[in-house]
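Oh and the sequence shown: position 130 is 369 in this note's numbering, straight run, nothing missing.
C-beta atoms are modelled at their ideal positions from N, C-alpha and C, and glycine is treated no differently.
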Amino acid sequence: MDLTLSPQYIKGVGPARASMLSKLGIETIEDLLFFIPRDYLDLSPLNFKQASEDKKGAFPCIVTGAIEGRKAKSGIWITKIPITDGQNNGYAVFFNQPYLARIFHKDDRLLLIGKMNKKFGAFEITNPEWIKFDKNTIYDFERICPIYPLTKGLSQKIMRNIVRQTLQYTYKVEETLPKQILKDYDLMPIQDAIKNVHFPKSFERLKQARKRIAFEELLLFQLAMLTTKRYFFNEKRINLYKNLVLKPFLSGIPFSLTDGQLKVICQIKRDLSSKHNMNRLVQGDVGSGKTVVACAALYLAVINGLQGAMMAPTEILADQHYETITSYLKPHSIKVDILKGSTSEKERQRIFKDLKEGKTQILVGTHAIIQENVEFHKLGMVITDEQHRFGVKQREKLVKKGQYPDTLVMSATPIPRTIALVLYSDLDISTIDTMPKGRQKVQTYVVDKAMRRRIYNFMAEEVKKGHLVYVVCPCVEENELNMVNVQDHTKMLKKSYPEIKIEALHGKMKAEEKDKKISDFISKKVQVLVTTTVIEVGVDVPEATLIIVENAERFGLAQLHQLRGRVGRSNIRSYCILISDSKDKNARSRLTYLMKCHNGFEIAQKDLEIRGPGEFLGVKQHGFFGFKMAELTRDTKWLEITRNISKEIIERGCLDKPEFGNLKKKLYRKYDLPDC
Ligand code: ADP
Ligand code: MG
240 MDLTLSPQYI KGVGPARASM LSKLGIETIE DLLFFIPRDY LDLSPLNFKQ
290 ASEDKKGAFP CIVTGAIEGR KAKSGIWITK IPITDGQNNG YAVFFNQPYL
340 ARIFHKDDRL LLIGKMNKKF GAFEITNPEW IKFDKNTIYD FERICPIYPL
390 TKGLSQKIMR NIVRQTLQYT YKVEETLPKQ ILKDYDLMPI QDAIKNVHFP
440 KSFERLKQAR KRIAFEELLL FQLAMLTTKR YFFNEKRINL YKNLVLKPFL
490 SGIPFSLTDG QLKVICQIKR DLSSKHNMNR LVQGDVGSGK TVVACAALYL
540 AVINGLQGAM MAPTEILADQ HYETITSYLK PHSIKVDILK GSTSEKERQR
590 IFKDLKEGKT QILVGTHAII QENVEFHKLG MVITDEQHRF GVKQREKLVK
640 KGQYPDTLVM SATPIPRTIA LVLYSDLDIS TIDTMPKGRQ KVQTYVVDKA
690 MRRRIYNFMA EEVKKGHLVY VVCPCVEENE LNMVNVQDHT KMLKKSYPEI
740 KIEALHGKMK AEEKDKKISD FISKKVQVLV TTTVIEVGVD VPEATLIIVE
790 NAERFGLAQL HQLRGRVGRS NIRSYCILIS DSKDKNARSR LTYLMKCHNG
840 FEIAQKDLEI RGPGEFLGVK QHGFFGFKMA ELTRDTKWLE ITRNISKEII
890 ERGCLDKPEF GNLKKKLYRK YDLPDC
């Protein structure tokens, strides 16, 4: 039997069932073999007393008397069967299945599968699955029973039978992993894994089977990422770093670095002195000081005769980086320029010329710096800030302006390591895990709408002190859900506080208009900014001390933490007030969690656990990464291990060896990779 054939060739599957299976994504016999149960039922025999109320169990029992059938007032037909497990008595109750009275008789031996409850002192099991034995059968079927995802028209019983029929073709599945890998990581051969994932001999075997299948999925994924990366980036270093002395740079900045910053700088230095190009992600909580780390990398490039470029997602951020970098590099007579959409033609021409001649050593800017006419003399270091705004394509464009430059990606969105390993698996990951000394925590409160007036009076007091305030709403315009919206809320606040300069800012505005409002805010021409989440990304406004979030229950934990990071950027005491009238217990506890937790990575991890990877990343559809078995939250360890193995496989060119043939075949088929 060819595994790529339609399931229709399996006994018990006709055209109708084949089309039901197709709804479950099963198109071939192979798909059936890899159709992973969503759960398992433990069918180890229990007596009634061992039952736990909320968990299904399997109960061998004997029918002790006559079957009762009657119509209840509600019109439901109730069949009641008296049973015993040998020690205790009880009832099995079925609804609307009057024919059962003809099937069950006194002294029948049954296996009932379901939830056994105690009702009015008697054991009772309602609508259980049942198996009837004849006098001679012994209890010897699978003790662990799969539960499959189903679709209309299919039952567990049918599905189990189909899979059981299919399993006879398991011998056709070829082993993908080389013997050595199976041995080194104590993995089950694929055929055993398939059998045990459907009908496990024991829970231990099931665990082994899952591990085997998850391992292969993760390995293939990592290999795909690395293969793609190799396709885009030349791995071999051509820019040589003879001088890695940072001391002059460090003595030129107004503070000493945190341990976290030093650690990451060390990793960067190691990259620069290795044989391969650097492709590194630096992630750190807002305010952890990523800019100085980026600047250190730029400095190293410059003192080794190379140029550096740093790309930011908005003009304002580009301006802020430019100012910071110029001030950090002041003692070193390094020429830094800034190129934005709004740069004048004359200045633009001057920059183009200086860049090409190598006079400009560092170029900071927006995506204006990836335009075609921007040419470098010798671009060796490419840094992008807030990467999720750019994506790989834009990073690539900048990379192509140099001769195999090193790259550094800065991200202010802390993400759990598991997710980072997947999302950025083409990058090495550094984390700045300490905050600069003396940074105070933003005081966080959760309040309900009844407190609104007091909160906004507090806002007015903060403004009087010369501080700046953000008010964040979940949407821009009036909406059906009756959530606070930017437009109406701005009007309302302007009316209540005519003495305060209040402005609205949201994503539907043009970029220039947004930039204008933010710069007015920075220069205090605007004191209160009513806005949506557009302010999430790294703008630094030290005088902002209060952020009020309306309908806070509408936001994810990680997002709220990002928002909170907009304040508390100086030594002035700062506040984050989350307004919510939600009565939902989970929503409340999510919000109050922020009162005590201030660590972006912990919050991101929690957010991931609550919402799952899809929601967390803003991708709802199931199986975004194409994993059927691997679970990012559970399989962290295997994610790391397979990552290291795949690196080794690629670096040693193993994929071309015969024992990796099947793995390579599967890799190219699953991920549709270009032939190298
Ligand atoms: P982010 O990681 O959010 O990009 P920045 O690089 O903008 O953080 O730094 C935030 C602020 O912290 C800046 O004002 C910077 O000068 C300051 N800073 C950075 N590193 C240190 C340090 N080691 N000690 C004290 N202040 C620091
Ligand atoms: Mg930053």
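Rounded separation between residue i and residue j - CA only
i	j	result
P246	L389	16 Å
G304	K345	5 Å
Q633	V575	22 Å
R341	P417	57 Å
G308	S394	26 Å
G926	K391	The chain is shown only over 240 to 915; residue 926 falls outside these bounds and no answer can be derived.
E751	H745	12 Å
V858	R277	Residue placement at V858 is flagged as unreliable, the pLDDT there being 43, under the threshold of 50; a coordinate-derived value is accordingly withheld.
D524	S735	36 Å
K250	T415	27 Å
G325	F334	25 Å
D727	N718	11 Å
N721	R656	37 Å
P487	A535	11 Å
A463	Y910	7 Å
V503	K733	46 Å
Y338	L351	17 Å
T323	A331	10 Å
N356	I429	40 Å
M868	L280	18 Å
M690	K617	59 Å
K508	S495	18 Å
K411	D241	8 Å
A826	R850	12 Å
M731	K763	21 Å
K755	K824	41 Å
F863	E870	Low confidence applies here, because F863 scores a pLDDT of 48, under 50, leaving its location unreliable and the question unanswered by this model.
C-beta atoms of residue i and residue j nearer than 8 Å
i	j	result
I671	V767	no
E413	N901	yes
R587	L578	yes
Y567	G491	yes
G547	G597	no
S885	L421	no
L465	L660	no
T605	G499	no
R808	Y709	no
L501	V685	no
M834	T599	no
Y424	F454	yes
V715	T771	yes
T405	L244	no
P653	G839	yes
I668	Q522	yes
Option in the options with minimal Cα separation from residue i
i	options	result
I1001	P675, M550, K734, T657	One cannot answer for residue 1001 here, as it falls past the ends of the chain, which runs 240 to 915.
V603	Q682, T563, D846, F334	T563
K475	K903, P284, Y643	Y643
I889	K595, N718, R812, D665	D665
I880	T771, L489, E456	E456
M221	P781, L878, I787, D270	This structure gives no information on residue 221, because the portion of the chain shown stretches from 240 to 915.
T318	F840, Q336, K312	Q336
I268	V402, L594, T530, Y387	V402
V773	Q506, K753, P487, S762	K753
E898	Q419, I668, D423, S572	Q419
T582	V702, D510, I555, P570	I555
N724	H571, E789, D241, R693	E789
P737	I761, V702, K755	V702
F372	D846, D347, N366	D347
Q679	P781, K756, S261	P781
Any C-beta of chain C under 8 Å from that of residue i
i	result
D727	Protein chain content of the structure displayed is limited to a single chain, and chain C is not contained in it.
Distance between beta carbons of residue j and residue i, contact taken as under 8 Å
i	j	result
V769	I741	6 Å
D687	M517	Between M517 and D687 the Cβ distance is about 50 Å, and since that is not below 8 Å, they are no contact.
>> Assess contact between the region 349-365 and the region 291-298, defined as three or more Cβ pairs (one per stretch) separated by less than 8 Å. Is contact present?
In response: Counting Cβ pairs under 8 Å, three or more are found: they touch.
Does the region 528-545 come close enough to the region 479-486 that 3 or more CB-CB pairs lie under 8 Å? Look at the beta carbons and you see the region 479-486 touching the region 528-545: at least three pairs across the two are nearer than 8 Å.
Answer yes if the region 636-646 comes into contact with the region 554-569, meaning at least three C-beta pairs across the two stretches below 8 Å, and no otherwise.
With a cut-off of 8 Å, the region 636-646 and the region 554-569 do not count as touching, because too few Cβ pairs lie within range.
- Message: Using a Cβ distance threshold of 8 Å, determine whether the region 383-399 contacts the region 438-446, with at least three qualifying pairs required.
- Response: Yes: the two stretches touch, three or more of their Cβ pairs being nearer than 8 Å.
Original post:
Is it a yes or a no for the region 394-412 touching the region 283-294, going by three-plus beta-carbon pairs under 8 Å?
Top reply: The region 394-412 is not in contact with the region 283-294.
- Between the region 786-802 and the region 828-841, do three or more beta carbon pairs fall short of 8 Å? They touch, by the three-pair rule.
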